[in-house]
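Asks:
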Amino acid sequence: MSNHDTQTSYDKVPYRSAPFPQTHPSRIGAIAQLFELDINIQDGFRLLELGCASGGNIIPLAQQYPQAHFVGIDASKVQIDLGNKVVKQTKLSNIDLLNTGIEDFASDVPFDFIICHGVYSWVPAHVQEAILRICQDNLSPQGLAYISYNTFPGWKMRGTIRDIMRYRSRSFETHEDQLGQARTFLEFLTKSLGEENSPYALMLRRELEAISKSDDYYLHHEHLEDTNQPVYFHEFMKQAQQFQMEYVCEADFGSSYIEKLPDNIKSMLVSVSHDRIELEQYLDFLRNRTFRQTILCHSSRKPTRQPQIDSLNRLYVSSNAIPEKQNYDYRSQDELLFRRRDARLKTTDPLVKVAFSILEKRWPQRVPFKELASVSRSIIHDRPIPIDNEFMTGETQRFAKTILDCFSSSLVDLHSDQSLCDSFPSDTPLAKPLQIQQANQSAMVTTLIHTEFQMDEFQRQLIQLCDGTKDRDQIVTAMVQLLENGKLTIYGNQGNKLEPSEDISETLKTYVNRTIDGLWKNGLLSSSK
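Take the sequence shown: its letters are residues 489 to 1017, numbered as in the working numbering.
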């Protein structure tokens, strides 16, 4: 009996399907290019996702690349049906979501990208082999595969938490009771340790903090499933090499980037490592890694051992990092801090300051690295400086090294192609069908930069009016009508409920303009149909 002939646990407890930015072909392609691998990111590429759930990751990609073709498979009929409903509503014709088990999948046409996120560690060994066999047989000669999985040594301690939760929940029937009992008992164990600071106590507190923030569907499939088998990285690669697959890098680029390690640690790791596999395994021991997101290619291809700075000349850069203070003198040698989420960069380099200013102004647009370097240098030197085409100058080499360091800490993103987003809001803002459909049904909407954005009710109503035919004044008029009809409730800055009145249009105009600009900056509006 095939996997999809029986009801799966994902039919009973569907996994919330969402975009995974690290699986985006433009990011995977950019990382591969850093290791001097040519890739196919043109409109005609083909992408396969194994274990696609309801298509939350693959459907937005199909919308972004209308000339490409996408196939997603999953053994859960419930999830596939949900995904196909979205495909039908958004009228996408370049994607197929199939209720097919991984072992049953077959295709006569190769794929340029194969994505398998959150599956490998959670399936039996024979399905793991099927995943790698599909990569071997169905990946195009220049194709790239992405596989994520849990790893040792980090899961040695985390596995204890899983064992505790499974033991406590073993005699309960419903997943609600199982999760409730597991959460409660883990909390009891943690509190019973009091102020103890042993490694075990510290681990329990850390895991409880993480678990308390996790959704039920995640905990059910991560900790209570029958199968969750972490592996050491070298074990995974030994199996991958049996299917003629070669290691490229991690989609989480910074986790494999050793250039920012202290010199003594870096030199020791390099001296004891015969190859990249050993080096990566020692890094896992050093960092107690729990999870990997590995990019593979066919063994006939030979990626470089280290990322190549010159490869940035073929890539695009984006960032919305902000400086700690505005109106700074970028020509000064004063230290300036830039922040983006948890990433930080302190720099005195005028060239870097200018570059981040350009990226912030043009966000969410992606800027070709060559253009970014040329424009930044031209501003600093107050004269036109041509783009480096054949080679990099010393100044550009240093700048490129900084950009690569920033990519390793997620202060910037690297891409292999341009995005759907432009650098300024249109007078007739346009939202894509998927974003309109999602906003109509939920507060969580996938952006054009392949992230999730949580909308308030005003944003949800407004984006559904952004069809590319209405200017801002017409959108204001439509929002006033929603307010008058009782379909929209708005509260002012003082917490007062706004009522329809003669001057409400001016108030709403301010809200609408600010909201459109915000949606644009968050990658929710497109520059073209």
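Note that the Cβ used here is the ideal one computed from N, Cα and C, for glycine as well.
Check Glu-747 in the structure and name its three-state DSSP category.
Replies: Stepping through the sequence shown from its first residue, residue 747 is reached at position 259. In the structure shown, Glu-747 sits in coil (DSSP, three-state: anything other than H, G, I, E or B).
Asks: When burial is assigned at 16 or more other CB atoms within 10 Å of the CB, is Gln-510 buried or exposed?
Replies: As a working mapping, residue 510 is identified with position 22 in the sequence shown. Burial call: buried.
Asks: Do you know offhand how far Tyr-804's Cα is from Gln-906's?
Replies: The residue given as residue 804 occupies position 316 in the sequence shown. The residue given as residue 906 occupies position 418 in the sequence shown. Rounded to whole angstroms, Tyr-804 to Gln-906 spans 7 Å at the Cα level.
Asks: Under 8 Å Cβ to Cβ from Ile-622, same chain only, skipping five residues before and after it: list those, please.
Replies: As a position in the sequence shown, residue 622 is number 134, starting the count at 1. Once the five neighbours on either side are set aside, the close Cβ partners of Ile-622 are Leu-536, Leu-538, Ile-590, Phe-593 and Ile-602.
Asks: Does the Cβ of Gln-947 have 16 or more other Cβ atoms within 10 Å, making it buried, or fewer, making it exposed?
Replies: As a first step, residue 947 must be located in the sequence shown, where it is residue number 459. Buried is the call here.
Asks: DSSP on Cys-604, reduced to helix/strand/coil?
Replies: In the sequence shown, residue 604 corresponds to position 116, counting from 1. In the structure shown, Cys-604 sits in a strand (DSSP, three-state: E or B).
Asks: For Asn-1001, which of helix, strand or coil comes out of DSSP?
Replies: The residue labelled residue 1001 in the question sits at position 513 within the sequence shown. Three-state result, Asn-1001: helix.
Asks: Just how far apart, CA to CA, sit His-605 and Leu-549?
Replies: For this step, residue 605 is matched to residue 117 along the sequence shown. For this step, residue 549 is matched to residue 61 along the sequence shown. His-605 and Leu-549: Cα-Cα distance of roughly 15 Å.
Asks: Excluding the 5 residues flanking Asp-493 on each side, which residues of the same chain have their C-beta closer than 6 Å to its C-beta?
Replies: For the purposes of this step, residue 493 is identified with residue 5 of the sequence shown, where counting begins at 1. Note that Asp-493 scores a pLDDT of 42, beneath 50, so its modelled location is shaky; the value from the coordinates is reported in the next line. No residues qualify anywhere along the chain.
Asks: Tell me the DSSP secondary structure of Val-615 in three-state form.
Replies: Along the sequence shown, one-based indexing puts residue 615 at 127. In the structure shown, Val-615 sits in a helix (DSSP, three-state: H, G or I).
Asks: Could you say which of Ile-546, Asp-817, Ile-951 and Gln-853 lies nearest to Asp-837 if we only look at CA atoms?
Replies: Taking the sequence shown and counting its residues from 1, the one referred to as residue 837 is at position 349. Selected option, being the one with the closest Cα: Asp-817.
Asks: List in chain order: all unbroken alpha helix (DSSP H) runs of 4+ residues lying wholly within the stretch 867-923.
Replies: 882-896
Asks: Where do the N-terminal and C-terminal ends of the alpha helix (DSSP H) with Thr-977 fall, by residue?
Replies: As a first step, residue 977 must be located in the sequence shown, where it is residue number 489. Boundaries for Thr-977: no alpha helix (DSSP H) harbours it, and the DSSP string shows neither H nor E there.
Asks: Check each candidate in Ala-633, Ile-649, Ala-919 and Glu-859 and name the one with the smallest Cα separation from Met-691.
Replies: Within the sequence shown, the letter at position 203 stands for residue 691. Selected option, being the one with the closest Cα: Ile-649.
Asks: What is the rounded straight-line gap between the Cα of Ser-788 and the Cα of Gln-732?
Replies: If you number the sequence shown from 1, residue 788 lands on position 300. If you number the sequence shown from 1, residue 732 lands on position 244. Using only the alpha carbons, I get a separation of about 8 Å.
Asks: Would you please state the rounded distance, in angstroms, between the beta carbons of Gln-1019 and Phe-676? I believe it to be under 8 Å.
Replies: Nothing about residue 1019 can be reported from this structure: the residues present for the chain run from 489 to 1017 only.
Asks: Answer yes if the stretch 776-785 comes into contact with the stretch 747-765, meaning at least three C-beta pairs across the two stretches below 8 Å, and no otherwise.
Replies: no
Asks: Rounded to whole angstroms, what is the Cα-Cα separation between Phe-724 and Val-863?
Replies: Position 236 of the sequence shown, counted from the start, is the residue given in the question as residue 724. Position 375 of the sequence shown, counted from the start, is the residue given in the question as residue 863. For Phe-724 and Val-863, the distance between alpha carbons rounds to 44 Å.
Asks: By Cβ distance below 8 Å, which residues in the same chain neighbour Ser-657 in space, the five residues on each side in sequence not counted?
Replies: As a position in the sequence shown, residue 657 is number 169, starting the count at 1. Same-chain partners within the cutoff: Asp-665, Gln-666, Leu-667, Gln-669, Ala-670 and Leu-712.
Asks: Using only CA atoms, which one of Gln-769, Asp-526 and Ser-806 lies nearest to Gly-631?
Replies: By one-based count along the sequence shown, residue 631 stands at place 143. Nearest of Gln-769, Asp-526 and Ser-806 to Gly-631, Cα basis: Asp-526.
Asks: Using the beta-carbon count (16 or more within 10 Å), is Ala-541 buried or exposed?
Replies: The count along the sequence shown starts at 1 and reaches residue 541 at position 53. Label assigned to Ala-541: buried.
Asks: When the Cα atoms are used, what is the spatial distance from Leu-696 to Lys-644?
Replies: Residue numbering aside, residue 696 sits at position 208 when the sequence shown is read from its first letter. Residue numbering aside, residue 644 sits at position 156 when the sequence shown is read from its first letter. Taking the straight line from one Cα to the other gives about 16 Å.
Asks: Taking contact to mean 3 or more Cβ pairs, one atom from each stretch, closer than 8 Å, check whether the stretch 927-938 and the stretch 886-897 are in contact.
Replies: Three or more Cβ pairs closer than 8 Å define a contact, and the stretch 927-938 falls short of that threshold against the stretch 886-897.
Asks: Could you please give the first and the last residue of the uninterrupted beta strand (DSSP E) stretch that includes Ser-806?
Replies: Position 318 of the sequence shown, counting from 1, holds the residue named residue 806. It spans 804-806 - the beta strand (DSSP E) in which Ser-806 sits, taken as one unbroken run.
Asks: Does Arg-656 come out as helix, strand or coil in the three-state DSSP assignment?
Replies: Here residue 656 refers to the residue found at position 168 of the sequence shown. If DSSP states are grouped into helix, strand and coil, Arg-656 belongs with the helices.
Asks: Can you give me the C-alpha to C-alpha distance between Met-489 and Val-607, rounded to a whole angstrom?
Replies: To locate residue 489, count along the sequence shown from 1; it is residue 1. To locate residue 607, count along the sequence shown from 1; it is residue 119. Unreliable positioning characterises Met-489 in this predicted model, as indicated by a pLDDT of 29, which lies under 50. The coordinate reading is nonetheless provided below. C-alpha separation (whole angstroms): 20 Å.
Asks: Distance, Cα to Cα, Pro-507 vs Gly-543?
Replies: Position 19 of the sequence shown, counted from the start, is the residue given in the question as residue 507. Position 55 of the sequence shown, counted from the start, is the residue given in the question as residue 543. Spanning the two alpha carbons is a distance of roughly 9 Å.
Asks: Among Lys-975, Gly-1006, Val-968 and Asn-1010, which residue has its Cα nearest to the Cα of Asp-991?
Replies: Within the sequence shown, the letter at position 503 stands for residue 991. If we check each option's Cα against that of Asp-991, Val-968 comes out closest.
Asks: Can you grab the Cα-Cα spacing for the pair Thr-977 / Ile-951, in whole Å?
Replies: Along the sequence shown, one-based indexing puts residue 977 at 489. Along the sequence shown, one-based indexing puts residue 951 at 463. Going from the Cα of Thr-977 to the Cα of Ile-951 covers about 16 Å.
Asks: What do you reckon, are the CB atoms on Leu-936 and Leu-908 nearer than 8 Å?
Replies: Here the question's residue 936 lines up with position 448 in the sequence shown. Here the question's residue 908 lines up with position 420 in the sequence shown. Contact flag set, yes.
Asks: Between Asp-592 and chain D, is any beta-carbon pair separated by less than 8 Å?
Replies: Considering every chain present, this structure includes no chain D. It has just one protein chain.
Asks: Pull up the CB-CB distance for Ile-753 and Arg-819, whole angstroms please, since I reckon it's below 8 Å.
Replies: Numbered from its first residue, the sequence shown carries residue 753 at position 265. Numbered from its first residue, the sequence shown carries residue 819 at position 331. Arg-819 and Ile-753 do not touch by the CB rule: their CB atoms are close to 36 Å apart, not below 8 Å.
Asks: DSSP on Thr-934, reduced to helix/strand/coil?
Replies: Locating residue 934 in the sequence shown gives position 446, counting from the first residue. Note: Thr-934 maps to strand in three-state DSSP.
Asks: Which runs of the beta strand (DSSP E) fall wholly inside the stretch 503-554 and span at least 3 residues, in chain order?
Replies: 534-538
Asks: Would you mind stating whether Ile-519 and Ala-739 have Cβ atoms separated by less than 8 Å?
Replies: Reading the sequence shown from its first residue, position 31 is the one you call residue 519. Reading the sequence shown from its first residue, position 251 is the one you call residue 739. Against a cut-off of 8 Å, the Cβ pair of Ala-739 and Ile-519 comes out as a contact.
Asks: Is DSSP giving Gly-560 helix, strand or coil here?
Replies: Here residue 560 refers to the residue found at position 72 when the sequence shown is read from its first residue. Strand.
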